[in-house]
Every structure is written in C-alpha cells, then in structure tokens.
Amino acid sequence: MDYAAGKPVEPRAIEAMLPYMKSSYGNPSSLHVFSQKAKRALEEARTKIAELINAESTESIVFTSGATESNNLAIKGIANRNKDRGTRIITSSVEHMSVVNPVKFLTTKGFEAIFLPVDKFGSLNLENLGKELNDKTALVSIVYANGEIGTIEPIREISKIVHGKNAYLHVDATAACGQIPIDVKSEGIDLLTLSSNDMYGPKGMGALYIKEGIRVEPLLHGGGQERGLRSGTENLPGIVGFGKAAEITKQEMHSNSEGLTKLRDNLIEGLLKPLPYAFLNGHPTKRLPDNVSVRYSFIEGESMLLSLDMMGVFASSGSACTSKTLEPSHVLLAIGLRHEEAHGSLMLTLGKENIQEEVEYVIGLMPGIVKRLRAISPLTPKELKE
Amino acid sequence: MYTEKVMEHFKNPHNLGEIPDADGVGTVGNPVCGDLMTIYIKVKDNRLVDIKFKTFGCGAAIATSSMTTDLAKGKTLEEAMKLSRADVAGSLGGLPPVKMHCSNLAADALHAAIKDYYQKTGREVKK
Chain Y
34 MDYAAGKPVE PRAIEAMLPY MKSSYGNPSS LHVFSQKAKR ALEEARTKIA ELINAESTES
94 IVFTSGATES NNLAIKGIAN RNKDRGTRII TSSVEHMSVV NPVKFLTTKG FEAIFLPVDK
154 FGSLNLENLG KELNDKTALV SIVYANGEIG TIEPIREISK IVHGKNAYLH VDATAACGQI
214 PIDVKSEGID LLTLSSNDMY GPKGMGALYI KEGIRVEPLL HGGGQERGLR SGTENLPGIV
274 GFGKAAEITK QEMHSNSEGL TKLRDNLIEG LLKPLPYAFL NGHPTKRLPD NVSVRYSFIE
334 GESMLLSLDM MGVFASSGSA CTSKTLEPSH VLLAIGLRHE EAHGSLMLTL GKENIQEEVE
394 YVIGLMPGIV KRLRAISPLT PKELKE
Chain F
1397 MYTEKVMEHF KNPHNLGEIP DADGVGTVGN PVCGDLMTIY IKVKDNRLVD IKFKTFGCGA
1457 AIATSSMTTD LAKGKTLEEA MKLSRADVAG SLGGLPPVKM HCSNLAADAL HAAIKDYYQK
1517 TGREVKK
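Chains Y and F, in that order, give the protein sequences.
The first sequence maps to residues 34 to 419 in this note's numbering.
The second sequence maps to residues 1397 to 1523 in this note's numbering.
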C-alpha cells in the first residue's frame, strides 16, 4: 500500500506504447511520411491530456520528463520571464520538494519567497494569502492536494484571490490528477503540473499546462520542440502511454475513486479505532481517495514499516529515519506536529489493485505491531503531556 | 537494507524491559530526533549480572539496544565501559551508514548506566 511512491503501468497504456518502440519509431519533427505517423500520435496524446483537464487548446500542453520538471518549468519559467510583473513568489508550507527547492533557489537570484502556513488539517489559510499578495507578486504556486496527508486545497477560492491581485496561479496536481476531476478553465488555473505515473502511465513522463498567452522561459534550449518550451526529441512511447493513461483516467476516474474512498475510510477507521493515542493526519473529508496517513504516539515510523514489511505490507512514513536528510517530513511539521509525533507517522496509499481483504489484513496486523513497539518503547502518556 | 542479525534482534529483542530496583540507569537520545533509549543494570561483585533496555526508535535503534545488552551481560564494569558503538555494529554484521550515528546509541546508554552506578555508590568513574 505504497502506490503514491510508484504505480504499475496500465496494461492498455503499455499496449498503446509498444508500436512506437518496435515499428513506428519515427521522429515527430522530421518531415517524411514515416514521421508523420509519429507526429499524429504525439498530437493525439496531447489532445487526451488537454481533454482530461478541460484545457482551452491542445497547444497549452507541454510534455516534460515528469512532475519535478513541470514544477521547475512553471516556477523558474514564470519568474524569469515575467520579472516586469514582480519578484515575489508565494507558495505554501506543504508543497512537494520540487516546488520548495526551485522557489528557494530563486531567492538566491533576487526573488522573494513567502511560504504560507496551513492549519492543522493542512489547508491553506486564505486570509494569509490575501495579506501576502501584493503588486509585486508574479506567481502563487499551491499544491492541488498534498500527496503525504491527502488534504485537498480550495483551489477555486485561491484562484479568485490570486487573480484579484493580477498574479499567476500555478497548481501542482501531481497527486490529484489521476483521482479527482480537474477543470483548469472553471477553476481558474494558469499553470498545472501533471504526472504520468500518478495516473498509471509510464514513469519519467509529465506535462505542464500553460494557459494561452502566458510567457514562460524554457529550462532546456535546443532544437525548439514543444513550441520552444522544451527542446529535445520527444519521448514518443512515453507520451503515447501517458496519453492513453489520461484517456482511461478520464473514463474510469469516477468509479475508481469511489471504490478507493470506501477502502480508505474503512482503513482509517480500522487503524484508529482499536488503539488509544492513534490519530489521523490531514483532513477527514477533503482528502484524496487513495491517502491514509495516521500516527501512533510513543513509537517510531520506520519500526512500524519494518514490522509491516515482514508481513508483506509495503507502506511509507514521514519519520526522519526513512529519509535521506534525517529530518521528519516538513509537511507533518507544517500541520503543527511535534518532531516526536511526526516520527510516529505511517502513510498507506491505495491503488486500484487493492481490495477490501487487503485492507482487513492490515487492520488485523496493526494493533499487534503497535502494542509490541509500545512495549519496547520507554515513552508513556506522561511524556506526551509534558 | 538491514542484515539478518539486525532483523533477528528487531523481531525478538533480548533483555527487553525495566529493572525496578536497578543499581544504575542510563538514558541517551531524544524523542525529537527519533531515538531514545534507557538501559537498566544490576551489579554484583563488579559484574553486570542483569541488564535490560527500553527503546523508542527505528529498527536499528531497537536491534543495537538488544545487542548491547547481550554483549554487556556478565562483563565486569571495566570491560563494559570499553564496549564501543563499533563493537555493537560489528556484532550485528554492520549497519547502514546513515544509521551509524543516529541509531547506534546503546553503548552510550550502557556507559551512562555504569556512571550512574559509580555515582550512586560513590566510586570514581574509571576509564
């Protein structure tokens, strides 16, 4: 149950990709007939991505190597190309590192960064957003829904506030794009990051939606592919697979998400109910259908993961002990958890192959694991209050 | 990621628990960092006749605590003071590099427990 870390590629997407590796390997940018088939496939995939998010035209979709590149292109591309609009960039304290780090990087290049706080559920405080927005704000970048705690942000309301000050709104929809319907037009989104693998497409593929008329400086300069915004020969098999995954997502998202939401709620209840000092991270209802994030006091996340791993369950944690930096997740700290609480977090992300029996299996395992680790731990409820 | 030996000690830690009438108690680490361990010792004729631990932390923290108590049990206080983090990690067949500093604190907890015993009994801390 660690689907957020990686998903299997949808078999129908693999089928769609195969011809573009075996026989139709033409370069979409060439002129001969052989390459025209590649060009058509490229544009068909672009159309499917545009349709998924109700983009005004297919030309507003730029293919990238994934969400990290899309976020970098949006943030650095807008900031560098629109200095005349201002040098302030506003984002939240629950963003993915591929938003956090480009924004931090820009502060070394003369830009000013504001990281807005969130409430205990991880929802952005709109009043703060209004206060921090000024005439020098070029860009506001907010995650559609956080991948760690699942909280869905009020994008429509955010958009109204941002556009009231004439700034651009970039939305990182990496975790959300395969699970909840997104409409860039009606929600007022100027730039949107999409990830292929998060909708069961191949890894190493993503896209950035850029509203018509918005100027963005490219990250890669070269042969001028993707209207000059992303040079480099197109990864045609990847693009075709991504397009197919987007088409399937559009058709099947509703029923998949309904099923996932039921599993999610069963799992959350089953993980929390039997144990004292067990809590939910993130919002109880404004939540991604696949996301379960809980925490247990007095024990540490990695030892929970190891215990689950021994029983064949793969999960994830916001604990420092599972990270490269030895710091607990910044998202868990941003929702107000103390370090020792963040260490006790457990994240399970569901996928369309999970079934109720698996949910029940995990629910059955958890009390034993938590009780055993608590028996090993020197911490008690007394320390929790101190 | 972990050796079989580490997993063995994580699954079935040795000498787990507390000693209510311990002769020495040592606590190191901090729950804020994600690792906290307490070691309890019982001393007779200058030897560690009983030793127990409690640990909050990752798999490596639990395994190193268990191994430390195994290595220390029955040793004289002088021998136990010489027991190092490297001895513990070595006996477990090694630890991932990132865990060497943050989670390998049990030898320090043992030394702290022995110093506590020396203090309580008015003896000089021997190196």
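Here a beta-carbon is modelled for each residue, glycine too, at the ideal position from N, C-alpha and C.
Keep in mind the model is a prediction, meaning the values are calculated, not measured.
Could you give the C-beta distance for residue i and residue j, rounded to a whole number, given that I count them as a contact under 8 angstroms?
| i | j | result |
| --- | --- | --- |
| residue 1431 of chain F | residue 1459 of chain F | In fact, because the Cβ distance is near 12 angstroms, the residues do not count as touching under 8 angstroms. |
| residue 251 of chain Y | residue 110 of chain Y | 7 angstroms |
| residue 171 of chain Y | residue 119 of chain Y | 4 angstroms |
| residue 1413 of chain F | residue 1448 of chain F | 5 angstroms |
| residue 37 of chain Y | residue 382 of chain Y | 4 angstroms |
| residue 1451 of chain F | residue 1411 of chain F | Actually they do not touch by this definition, with Cβ atoms about 11 angstroms apart. |
| residue 235 of chain Y | residue 46 of chain Y | 7 angstroms |
| residue 35 of chain Y | residue 347 of chain Y | 5 angstroms |
| residue 203 of chain Y | residue 279 of chain Y | Residue 203 of chain Y to residue 279 of chain Y, Cβ: 20 angstroms. No contact. |
| residue 263 of chain Y | residue 115 of chain Y | With a Cβ gap of about 18 angstroms, residue 263 of chain Y and residue 115 of chain Y do not count as contacting. |
| residue 1418 of chain F | residue 1440 of chain F | At roughly 13 angstroms, the Cβ-Cβ gap does not stay under 8 angstroms, so residue 1418 of chain F and residue 1440 of chain F are not in contact. |
| residue 1513 of chain F | residue 1520 of chain F | About 12 angstroms separates the two Cβ atoms, so there is no contact after all. |
| residue 180 of chain Y | residue 207 of chain Y | 7 angstroms |
With C-beta atoms as the reference, is residue i less than 9 angstroms away from residue j?
| i | j | result |
| --- | --- | --- |
| residue 472 of chain Y | residue 242 of chain Y | Only positions 34 to 419 of chain Y appear in this structure, which leaves residue 472 of chain Y out of reach. |
| residue 1409 of chain F | residue 1462 of chain F | yes |
| residue 126 of chain Y | residue 104 of chain Y | no |
| residue 239 of chain Y | residue 227 of chain Y | yes |
| residue 1506 of chain F | residue 1482 of chain F | no |
| residue 237 of chain Y | residue 68 of chain Y | no |
| residue 146 of chain Y | residue 124 of chain Y | yes |
| residue 216 of chain Y | residue 129 of chain Y | no |
| residue 259 of chain Y | residue 1427 of chain F | no |
| residue 1420 of chain F | residue 1510 of chain F | yes |
| residue 1455 of chain F | residue 339 of chain Y | yes |
| residue 349 of chain Y | residue 380 of chain Y | yes |
| residue 195 of chain Y | residue 166 of chain Y | yes |
| residue 139 of chain Y | residue 190 of chain Y | no |
| residue 306 of chain Y | residue 43 of chain Y | no |
| residue 1398 of chain F | residue 1492 of chain F | yes |
Among the candidates the options, whose CA atom is the shortest distance from the CA of residue i?
| i | options | result |
| --- | --- | --- |
| residue 261 of chain Y | Y:325, Y:96, Y:83 | Y:96 |
| residue 1485 of chain F | F:1418, F:1421, F:1503 | F:1503 |
| residue 1436 of chain F | F:1415, F:1476, F:1405 | F:1415 |
| residue 281 of chain Y | Y:51, Y:69, Y:370, Y:81 | Y:81 |
| residue 369 of chain Y | Y:315, Y:401, Y:382 | Y:315 |
| residue 312 of chain Y | Y:171, Y:154, Y:166, Y:231 | Y:154 |
| residue 377 of chain Y | F:1505, F:1397, F:1453, F:1506 | F:1453 |
| residue 94 of chain Y | Y:139, Y:42, Y:223 | Y:223 |
| residue 225 of chain Y | Y:113, Y:35, Y:367, Y:85 | Y:85 |
| residue 385 of chain Y | Y:189, Y:295, Y:337, Y:339 | Y:295 |
| residue 92 of chain Y | Y:103, Y:101, Y:99, Y:79 | Y:79 |
| residue 21 of chain Y | Y:339, Y:193, Y:136 | Residue 21 of chain Y is absent from the structure shown; chain Y starts at 34 and stops at 419. |
| residue 62 of chain Y | Y:257, Y:287, Y:400, Y:401 | Y:257 |
| residue 337 of chain Y | Y:71, Y:264, Y:402, Y:189 | Y:402 |
| residue 367 of chain Y | Y:51, Y:149, Y:144, Y:54 | Y:149 |
| residue 142 of chain Y | Y:121, Y:364, Y:274 | Y:121 |
| residue 325 of chain Y | Y:54, Y:335, Y:113, Y:303 | Y:303 |
| residue 52 of chain Y | Y:70, Y:65, Y:166 | Y:70 |
| residue 1429 of chain F | Y:365, Y:360, Y:165, Y:349 | Y:360 |
| residue 287 of chain Y | Y:113, Y:272, Y:209, Y:412 | Y:209 |
| residue 291 of chain Y | Y:275, Y:229, Y:388, Y:218 | Y:388 |
For the pair the segment 174 to 188 of chain Y and the segment 304 to 323 of chain Y, tell me if three or more CB-CB distances fall below 8 angstroms. yes
Going residue by residue through the segment 208 to 240 of chain Y, where are the continuous alpha helix (DSSP H) segments of at least 4 residues, counting only ones entirely within it? 217 to 220
Count the C-beta pairs between the segment 167 to 183 of chain Y and the segment 72 to 79 of chain Y that are closer than 8 angstroms, then say yes if the count reaches three, no if not. no
What ranges does the beta strand (DSSP E) occupy inside the segment 278 to 356 of chain Y, keeping only unbroken runs of at least 3 residues that lie completely in it? Residue ranges of uninterrupted beta strand (DSSP E) with 3 or more members, entirely inside the segment 278 to 356 of chain Y and ordered along the chain, are 311 to 313, 324 to 329.
Do three or more CB pairs link the segment 343 to 350 of chain Y to the segment 195 to 211 of chain Y at distances below 8 angstroms? no
Complete runs of the alpha helix (DSSP H) confined to the segment 183 to 212 of chain Y [at least 4 residues]: 188 to 197
Does the segment 296 to 310 of chain Y come within contact of the segment 324 to 338 of chain Y, defined as at least 3 CB pairs closer than 8 angstroms? With a cut-off of 8 angstroms, the segment 324 to 338 of chain Y and the segment 296 to 310 of chain Y count as touching, because enough Cβ pairs lie within range.
With a cut-off of 8 angstroms, do at least 3 Cβ pairs link the segment 390 to 403 of chain Y to the segment 295 to 308 of chain Y? Short answer: they touch.
Would you list, in sequence order, the uninterrupted alpha helix (DSSP H) runs of no fewer than 4 residues that lie entirely inside the segment 107 to 154 of chain Y? 130 to 139
For the segment 1469 to 1480 of chain F and the segment 1436 to 1446 of chain F, state whether three or more C-beta atom pairs, one from each stretch, are separated by less than 8 angstroms. yes
Examine the Cβ distances between the segment 264 to 272 of chain Y and the segment 38 to 45 of chain Y and report whether three or more of them are shorter than 8 angstroms. no
What residue ranges within the segment 70 to 97 of chain Y form continuous beta strand (DSSP E) runs of no fewer than 3 residues, ordered along the chain? 94 to 97
Start-end ranges of the alpha helix (DSSP H) lying completely within the segment 1407 to 1493 of chain F, minimum 4 residues: Here the runs fully enclosed are 1455 to 1468, 1473 to 1478, 1481 to 1487.
Can you list the beta strand (DSSP E) stretches of 3 or more residues lying completely in the segment 362 to 407 of chain Y, in chain order? 378 to 382
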